[in-house]
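Each residue of the sequence shown is one higher than the last, beginning at 1062 in the working numbering.
Input: a single structure, listed below in structure tokens.
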Amino acid sequence: MTDDGFRFVHLTDTHIMAGGTWRIRGGDVEFDTDASLRRVVEVVRALDPAPAFAVLGGDLASPDILHRERTLTAAEYAPSYARLKEILAGLPCRAHYMMGNHDNLEALNRALRPEAPVDVPCYYGFDHDGTHLVALDSHEVGHADGVLDAAQLAWLERDLSAHRDRPTIVFVHHHPWPLGHAWMDTMPLRNGAELMDILARHAHVSWLIGGHVHSEQVIQRGALTMLTTPSTCIQLSKTTASGAHFDPGPPGFRVVDVEHGRLSSFVVHVR
Ligand SMILES: [Fe+2]
Ligand SMILES: [Fe+2]
């Protein structure tokens, strides 16, 4: 990478749950998601060149996993976002936050986006050194799968049209088409086809980066490259028709280098 380029990192599915550990489905392993994110942050701090910013790709906090029997309030999410904020204070760069299906919008906004009204959806665009970046909010309250509502799709169309002159990267938590994971494919972005239609009309969008699937994927559709990034905690190793199998780590994250509008990327696993 020359002086003309920049680097960012995509950290996703951090699943911080203050006061508890993640008991992995189908096993008796207790996984400490705080500890795994701290290890990731240490590795990010050592990157050379350093990242200009981080995108946090959703499922940032998930105390709901400790209380599956009921819906938690924003106040009950607050300690987990506070813990996340404390751990991410160790990053060498600023962070942009996204919603996942486990997140709570009000608690996320209060803790991580204090400049935003507490009920404003968490989608937005920003620019860095001539590249445009768009973070979408595919969360739907009470649902494990995701959707982009009509207002957000209309905003996306306007935002992409207004940045036609710029190479653009779009981020979304849920995967927009079947990935071949039997269990994960029960909770995709339900209207992924509508998102794909919009992106197809905007040739300056060449990359779409997602989380949610706790695994690394690279899928090419026409001119669009879709990447998914492993979780900073547990990883999905395989799925069957009846469920999923998770492994306790290794923690992972994605590094993206942008140079003259061209992107290259690799995934780092922390062992
Ligand atoms: Fe997740
Ligand atoms: Fe998710």
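Heads up, the beta-carbon is just placed ideally off N, CA and C, and yes, glycines get one too.
Same chain, Cβ closer than 6 Å to Leu1149, neighbours up to 5 away in sequence not counted
Ala1156
Could you name the residues that DSSP lists as bridge partners for Trp1268?
Ile1230 and Thr1286
Ser1292 Cβ short of 7 Å to ligand 1 heavy atom set
yes
Give a yes or no on contact between the segment 1212–1219 and the segment 1130–1142, applying the rule of three or more CB pairs nearer than 8 Å.
no
Any heavy atom of ligand 2 closer than 7 Å to the Cβ of Asn1170?
no
Rounded C-alpha distance that separates Gly1322 from Glu1130:
47 Å
Tell whether a beta-carbon distance below 8 Å holds between Trp1238 and Leu1324.
no
Quick check on Thr1073: does DSSP put it in helix, strand or coil?
coil
With a CB to CB cut of under 6 Å and the five nearest residues on each side skipped, what residues in its chain are close to Gly1271?
Val1233, His1236 and Thr1289
Helix, strand or coil at Thr1247 according to DSSP, with G and I counted as helix:
helix
In whole angstroms, what separates the C-alpha of Glu1167 from that of His1306?
31 Å
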